[in-house]
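Notes for the one structure printed next.
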Amino acid sequence: LGLITFVVTRLKMQEEWAEAKGEPFDWAGLLIYGPSILLLIAGVSNLSKGWWAWGLLLASNLGLALFIWWESRNRYPILNVALLRDNRTFALSNLAALFNYAATFGVTFFLSLYLQYVKGMDPYQAGTVLITQPIMQTLFSPFCGRLSDRVPAGMVATSGMALCAVGLAVAAGLSADSSLLMVILLLVLLGAGFALFSSPNVSIIMGSVEPRYLGIASGLNSSMRTLGMMTSMMIITLIFSYLMHGQPVTAETQPAFLSSMRLALLIFCGLCVIGIGCSFGRVQRTQ
Numbered sequence: 123l124g125l126i127t128f129v130v131t132r133l134k135m136q137e138e139w140a141e142a143k144g145e146p147f148d149w150a151g152l153l154i155y156g157p158s159i160l161l162l163i164a165g166v167s168n169l170s171k172g173w174w175a176w177g178l179l180l181a182s183n184l185g186l187a188l189f190i191w192w193e194s195r196n197r198y199p200i201l202n203v204a205l206l207r208d209n210r211t212f213a214l215s216n217l218a219a220l221f222n223y224a225a226t227f228g229v230t231f232f233l234s235l236y237l238q239y240v241k242g243m244d245p246y247q248a249g250t251v252l253i254t255q256p257i258m259q260t261l262f263s264p265f266c267g268r269l270s271d272r273v274p275a276g277m278v279a280t281s282g283m284a285l286c287a288v289g290l291a292v293a294a295g296l297s298a299d300s301s302l303l304m305v306i307l308l309l310v311l312l313g314a315g316f317a318l319f320s321s322p323n324v325s326i327i328m329g330s331v332e333p334r335y336l337g338i339a340s341g342l343n344s345s346m347r348t349l350g351m352m353t354s355m356m357i358i359t360l361i362f363s364y365l366m367h368g369q370p371v372t373a374e375t376q377p378a379f380l381s382s383m384r385l386a387l388l389i390f391c392g393l394c395v396i397g398i399g400c401s402f403g404r405v406q407r408t409q
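Counting the sequence shown from 1 gives a position; our numbering is that position plus 122.
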């Protein structure tokens, strides 16, 4: 799919521009940023395996701090720190994206285990239920685009995050006796909320910078998505390590699993509320 997309883009997109053509590439920044992200991924993936993983996270944070320091002093950075410092809309929109992905990415992981090990579904049945969320995203996305033409995009995105927060709160209330209808309802809320948030938020990010910085804006938005997903999985790993003690999800460990899921989803809901604050802050600024 990636190869097909690349070929079609090269053949069909004839209106490409290069505002920063001729500027040297920041290889030093790339060589600092790349290993830092790899260390972050390795650390998050191995948190339950020993304290050495925390050393990887520390090294990653030091690397990212060095990256920010270097970029703030480089004439041709791959990340223009001034955009985050001086452009409030750009900064808050990226923070909103970070918190949104951190809050929503791990939900499917929990619900998949919940449906299989608590509700007794097989993987096919669980997947059929979970597909509700992407279906809602697909159905709502065109509507969100038209809505953004009539309503400020910031308000649309903030409303989407509010729906996600409600969905997460509902998910945190799941128990062994909860009905399947409740699961479908929260998936509808999350799917609709994510659709309302995602496209308008990206539109705000790309529209808040000059054309020469569109590549940087797109790259930073992608980084926020990745960091948000990794934050979500780090929270899940930590909670599982301390409440599940490395045990698999079985009938015997079901109470511990439900407690772990509830705690994680409440944390996710809190992150979503923080994201709502970031999103609403840019709306207030714009107005």
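Cβ atoms here follow ideal geometry from the backbone N, Cα and C, with glycine treated the same way.
If you're wondering where the values come from, they're calculated on a predicted model, not measured in any experiment.
### Query
Quick one: what does DSSP say Tyr-198 is sitting in, helix, strand or coil?
The residue you call residue 198 lines up with position 76 of the sequence shown. In this structure, Tyr-198 counts as coil in the three-state DSSP scheme.
#### Entry: Inter-residue CB distance, Met-346 and Leu-220 (contact presumed, cutoff 8 Å)
Within the sequence shown, numbered from 1, the residue matching residue 346 stands at position 224. Within the sequence shown, numbered from 1, the residue matching residue 220 stands at position 98. With a Cβ gap of about 4 Å, Met-346 and Leu-220 count as contacting.
### Message
I'd like the list of long-range same chain contacts for Val-305, defined as Cβ closer than 6 Å, with 5 residues on each side in sequence excluded.
### Response
Counting from 1 along the sequence shown, the entry for residue 305 is found at position 183. Excluding sequence neighbours, Val-305 sits near nothing in its chain.
### Message
If you reduce the DSSP assignment to three classes, tell me which class Asn-216 lands in.
### Response
Within the sequence shown, residue 216 is the residue found at index 94, counting from 1. In the structure shown, Asn-216 sits in a helix (DSSP, three-state: H, G or I).
### Query
Is Lys-241 helix, strand or coil by DSSP?
In the sequence shown, counting from the first residue as 1, residue 241 sits at position 119. In this structure, Lys-241 counts as coil in the three-state DSSP scheme.
### Beta-carbon spacing of Leu-312, Cys-286 below 8 Å
The residue you call residue 312 lines up with position 190 of the sequence shown. The residue you call residue 286 lines up with position 164 of the sequence shown. Contact: yes.
### Query
In terms of alpha-carbon separation, which member of Phe-189, Gly-172, Val-166 and Ala-187 lies closest to Leu-179?
The sequence position of residue 179 within the sequence shown is 57, counting from 1. Comparing Cα positions, the closest option is Val-166.
#### Entry: Ordered list of beta strand (DSSP E) runs contained in the segment 301-372, each at least 3 residues
none
### Query
Taking Cβ to Cβ, would you say Met-283 is nearer than 8 Å to Asn-222?
On the sequence shown, position 161 is the one that residue 283 refers to. On the sequence shown, position 100 is the one that residue 222 refers to. The answer is yes: Cβ separation under 8 Å.
### Task
State the Cα-Cα distance for the pair Gly-177 and Phe-265, rounded to the nearest angstrom.
For this step, residue 177 is matched to residue 55 along the sequence shown. For this step, residue 265 is matched to residue 143 along the sequence shown. If I take the Cα positions, the gap works out to 46 Å.
### Query
With a cut-off of 8 Å, do at least 3 Cβ pairs link the segment 359-370 to the segment 249-260?
no
### Query
What is the DSSP secondary structure of Asn-209, counted as helix, strand or coil?
Here residue 209 is taken as the residue at index 87 of the sequence shown, counted from 1. In this structure, Asn-209 counts as coil in the three-state DSSP scheme.
### Rounded straight-line distance, which links the Cα of Ala-298 to that of Gln-238
Position 116 of the sequence shown holds residue 238. Position 176 of the sequence shown holds residue 298. Each residue's Cα considered, the two are about 11 Å apart.
### Task
Return the CA-CA distance between Val-331 and Gln-247, expressed in angstroms with no decimal places.
Against the sequence shown, residue 331 aligns to sequence position 209. Against the sequence shown, residue 247 aligns to sequence position 125. Per the coordinates, the alpha-carbon of Val-331 lies some 45 Å from the alpha-carbon of Gln-247.
### Task
Reducing DSSP to helix, strand and coil, say where Phe-227 ends up.
Within the sequence shown, the letter at position 105 stands for residue 227. Three-state result, Phe-227: coil.
### Query
What did DSSP end up calling Asp-299 once you bin it into helix, strand or coil?
Against the sequence shown, residue 299 aligns to sequence position 177. Correct three-state label for Asp-299: coil.
### Residues near Thr-359 by beta carbon distance below 6 Å, same chain, minus five either side
Here residue 359 refers to the residue found at position 237 when the sequence shown is read from its first residue. Once the five neighbours on either side are set aside, the close Cβ partners of Thr-359 are Leu-169 and Ser-170.
### Other residues of its chain near Asn-323: CB distance less than 7 Å, five sequence neighbours each side excluded
Reading the sequence shown from its first residue, position 201 is the one you call residue 323. Cβ neighbours of Asn-323 beyond the five flanking positions: Ser-215, Ala-218, Ala-219 and Ala-279.
### Query
Quick one, which of Ile-389, Phe-362, Ser-158 and Ile-159 has its alpha-carbon nearest Ala-294's?
Reading the sequence shown from its first residue, position 172 is the one you call residue 294. Of the listed residues, the one whose Cα sits closest to Ala-294 is Ile-389.
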